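K.L.:
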Amino acid sequence: ILPNLLPYLAASLVGSVSAAVLASIGLEVLGLGPMDAPTIGMTLFWINYNAAVINGWWWWWLPPIIVIGLPFISLFLTSVGLDEIANPRIRRSM
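With our numbering applied, the sequence shown corresponds to residues 1261 to 1354, in that order.
1) Roughly how many angstroms separate the alpha carbons of ALA1254 and GLU1344, rounded to a whole number?
2) Tell me whether the region 1329-1337 and the region 1305-1318 touch, counting them as touching only if at least three CB pairs, one residue from each stretch, are closer than 8 Å.
3) According to the neighbour-count rule (16 or more other Cβ atoms, all chains shown, within 10 Å of its Cβ), is GLY1291 buried or exposed?
4) So, TRP1321 versus ALA1312, is the Cβ gap smaller than 8 Å?
5) Where THR1237 and LEU1262 are concerned, what is the direct C-alpha to C-alpha distance, given to the nearest angstrom?
6) Whose CA, out of GLY1341, GLY1301, PRO1267, lies closest to the CA of PRO1323?
7) Drop a sphere of 10 angstroms on the beta-carbon of ILE1333, count the other beta-carbons inside from all chains shown, and report buried for 16 or more, exposed for fewer.
8) To test your reading of the DSSP string, which unbroken alpha helix (DSSP H) runs of 4 or more residues are found completely within the region 1285-1328?
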């Protein structure tokens, strides 16, 4: 039964993890997190507060955006790979 559920479990994992992390980051960007905690959301809050994008300080906002994007891209690609392996309709013959 588990091999048949693997694509659904992977998609559910990707969706759940992504939603939880993005919700946490989103609340912290709005300033609703602990102000003294060094998190990505607080970093983005201070970037917005100090107008780093408007001032052209790319070194403030580019690394946090990359740090946020890479795990989500890797989770998505893992989900697609597991779906390709486990789904008999799109499985390629080896």
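For glycine and all other residues, C-beta sits at the position ideal for the given N, C-alpha and C.
For clarity, every value in this text was computed on a predicted model and none was experimentally measured.
P.N.:
Taking the geometry as given:
1) Look at the range of the chain in this structure, 1261 to 1354, and you will see that residue 1254 is not part of it.
2) no
3) exposed
4) yes
5) Absent from the model: residue 1237. The displayed extent of the chain is 1261 to 1354, so no value can be given.
6) GLY1301
7) exposed
8) 1300-1309, 1312-1315
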